[in-house]
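Counting along the sequence shown from 1, when you hit position 66 you're at 95 in my numbering, and nothing is skipped either side. Each remark here refers to the structure printed beneath this line.
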Amino acid sequence: MYTEGHPYYLYHWRKYGHPSKFGYKDIIKLWKAENFNPAGLMDLYVEVGAKYFVSQAMHHDNFDNFNSRYNPWNSVNIGPRKDICALW
Numbered sequence: 030m031y032t033e034g035h036p037y038y039l040y041h042w043r044k045y046g047h048p049s050k051f052g053y054k055d056i057i058k059l060w061k062a063e064n065f066n067p068a069g070l071m072d073l074y075v076e077v078g079a080k081y082f083v084s085q086a087m088h089h090d091n092f093d094n095f096n097s098r099y100n101p102w103n104s105v106n107i108g109p110r111k112d113i114c115a116l117w
């Protein structure tokens, strides 16, 4: 979303405006994860034959998907207000 000319950049520009004015720090506040269903996803993974699973603890821009005691920039304080990793 920060690389000029990239399709994600153009989408972001049209929907939200220039990333310097409305960037990831603003987008993450919109994320609610209201449809996040880890049990349903695990059922699907098992059904399709997955042998192991790895959760993503940190998204990009140093945004943690868990209740980090070191980083206030995390999914418990901002956005969904859920400990995504713990829900897995």
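Glycine is no exception: its CB is placed at the ideal position from the N, C-alpha and C atoms.
For residue 89, is the classification buried or exposed, using 16 other Cβ atoms within 10 angstroms of its Cβ as the cut-off for buried?
Within the sequence shown, residue 89 is the residue found at index 60, counting from 1. Its Cβ having fewer than 16 others within 10 Å, residue 89 is exposed.
Bounding residues of the alpha helix (DSSP H) (the contiguous stretch that carries residue 69):
Within the sequence shown, residue 69 is the residue found at index 40, counting from 1. It spans 67-76 - the alpha helix (DSSP H) in which residue 69 sits, taken as one unbroken run.
Identify every residue that forms a DSSP beta bridge with residue 103.
Position 74 of the sequence shown, counted from the first residue, corresponds to residue 103. Bridge partners of residue 103: 93.
Unbroken alpha helix (DSSP H) run spanning residue 43, endpoints
Walking along the sequence shown from the start, residue 43 turns up at place 14. 36-45 is the span of the alpha helix (DSSP H), which, as asked, contains residue 43.
Inter-stretch contact at 8 Å, needing at least 3 Cβ pairs: the region 56-74 / the region 105-116:
Flag = yes, the region 56-74 and the region 105-116 touch.
Using the C-alpha atoms, what's the distance from residue 85 back to residue 75?
To locate residue 75, count along the sequence shown from 1; it is residue 46. To locate residue 85, count along the sequence shown from 1; it is residue 56. Between residue 75 and residue 85, the C-alpha separation is close to 18 Å.
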